[in-house]
Amino acid sequence: MTRLLFLSIVILAALAAAQDHATWRDYGGASDAAQYSSLAQINRSNVKQLKIAWSYPTGDTNKYFFNPLEVDGVLYVLARNNSIVALDAASGKEIWVHPSPADTKLITSRGINYWESKDRSDRRLLFASNHFLRAIDARTGQTVASFGQNGAVDLKEGLGRAPKTITLVQSTTPGRVFENLLLLGSATNQGYGSAPGDIRAFDVVTGKLVWSFHTIPHAGEFGYDTWPKDAWKKIGGANVWGEMSLDEKRGILYAPTASAKYNFYGVDRPGANLFADSLLALDARTGKRLWHFQMVHHDIWDYDNATAPKLLTVQH
């Protein structure tokens, strides 16, 4: 049975001026993870009048848990066997399809990232599949061949482990775009030999790795003494598999981390195990640690810190 993607639309006589949280260009609405829209045309008095304006057949029987993005009247969704699809947001008309290879087993199924250059001449969608970070042209759906190697960056590279030994590194949750950087977490396996959960920043134009923050510290780094010697070489996890939030004005990334792996046994990793189960505040441009708060010391219960903080301005 073909599943349908539904969208309810209220047609407005005039468009209001742009305001905070009035667009949906980021996963969850905005980089501050507020998951809030300031648009007021749909309210308590008229929500019962909403009707289906159009539907789009996904062309498969998959169950999609995808957060669409909307940019300049174009809706970007996941459909057609995990392909990236651009639709006219007003009519539902298909604009283009970027098909996923037939062997695709893993994709950032919860959402994707959008980036544009200052002059808007370059607009890209960034996502990961089969452990490769990929970039496509947001206007055409074509691969950006100048990104990485033929449009892809191997996420298994640069973690201090032999890539062939890493079976899982890609999260199903997208990262955050800051200036010309894509700030990215990861997913790891649950057992021994899992990859370390480095938080990384990639140049959105070239795909080059700009910085890495070692959530399992290396020798000489803060927190190294909360693990056995060279723990990062054999212990994995302490990764950000969920949503992150970003203070764009101050350039601060807030990253919630998961437990160390193996989850339920800690005899081989005595200590508090920074920065597992922590909230990290990092300089988004450099990856430098500003501060941290560890929720669970030496976690052996899989108490992942999976929820990004909601950034609010409080007026006193």
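The numbering used here puts the last residue of the sequence shown at 1595; the count rises by one with no breaks.
Backbone N, C-alpha and C define an ideal beta-carbon position, used for all residues, glycine too.
Please read all numbers here as calculations on a predicted model, not as lab measurements.
Out of GLN1428, ASN1552, PHE1457, ARG1403, the CA that lies nearest to the CA of ALA1537 is found in ASN1552. Judged by DSSP secondary structure, VAL1489 falls within the beta strand (DSSP E) whose first and last residues are 1488-1492.
Restricting attention to beta strand (DSSP E) runs no shorter than 3 residues, the segment 1468-1555 encloses them at 1478-1482, 1488-1492, 1524-1526, 1531-1535, ordered along the chain.
Taking C-alpha positions only, LYS1567 is separated from HIS1497 by approximately 14 Å.
For GLN1573, the enclosing beta strand (DSSP E) covers residues 1568-1573. Fully enclosed beta strand (DSSP E) runs of no fewer than 3 residues occupy 1331-1336 of the segment 1306-1345, in order along the chain. Rounded to whole angstroms, the separation of the alpha carbons of SER1324 and ARG1413 is 43 Å.
The shortest C-alpha to C-alpha distance from ALA1534 to any of TRP1506, ASN1542, PRO1453 is the one to PRO1453. Rounded to the nearest whole angstrom, the C-alpha separation of TRP1570 and LEU1559 is 6 Å. Sorting PRO1378, LEU1434, ARG1548, THR1337 by C-alpha distance to the C-alpha of TYR1471 places ARG1548 at the top. For the 8 Å CB-CB criterion, ASN1409 and LYS1384 form a contact. Closest option to TRP1511, judged by alpha-carbon separation, among SER1491, ALA1466, ARG1440, VAL1484: ARG1440. By the C-beta criterion, the segment 1327-1342 is judged not to be in contact with the segment 1302-1311, since fewer than 3 inter-stretch pairs fall below 8 Å. Secondary structure of THR1422 (DSSP, three-state): strand. Around the beta carbon of ASN1322, a 10 Å sphere encloses fewer than 16 other beta carbons of the protein chains shown; the residue is thus reported as exposed. Listed in chain order, the beta strand (DSSP E) runs fully inside the segment 1337-1416 are 1348-1350, 1353-1358, 1362-1367, 1373-1377, 1392-1395, 1402-1408, 1411-1416, counting runs of at least 3 residues. Annotation: the continuous beta strand (DSSP E) that includes ASP1562 extends over 1557-1562. Nearest Cα to PRO1442 within the set SER1473, GLU1458, GLY1420: SER1473.
The shortest CA-to-CA distance from ASP1416 to any of ASP1382, VAL1364, SER1465 is the one to VAL1364. SER1465 and TYR1355 have their C-alpha atoms some 23 Å from each other. Distance from the CA atom of ASN1518 to the CA atom of LYS1540, rounded to whole angstroms, is 10 Å.
The Cβ neighbour count for HIS1377, taken over all protein chains shown within 10 Å, is at least 16; the residue is labelled buried. The C-beta distance from GLY1437 to LEU1488 rounds to 6 Å, short enough to meet the 8 Å contact threshold.
Counting every other CB atom within 10 Å of its CB across the protein chains shown gives TYR1335 a total of 16 or more, marking it as buried. The residue among THR1446, LEU1461, ILE1374 with its C-alpha nearest the C-alpha of THR1419 is ILE1374. Beta bridge pairing from DSSP links TRP1303 with GLU1349. Here the alpha carbon of ASN1542 sits roughly 10 Å from the alpha carbon of GLY1515.
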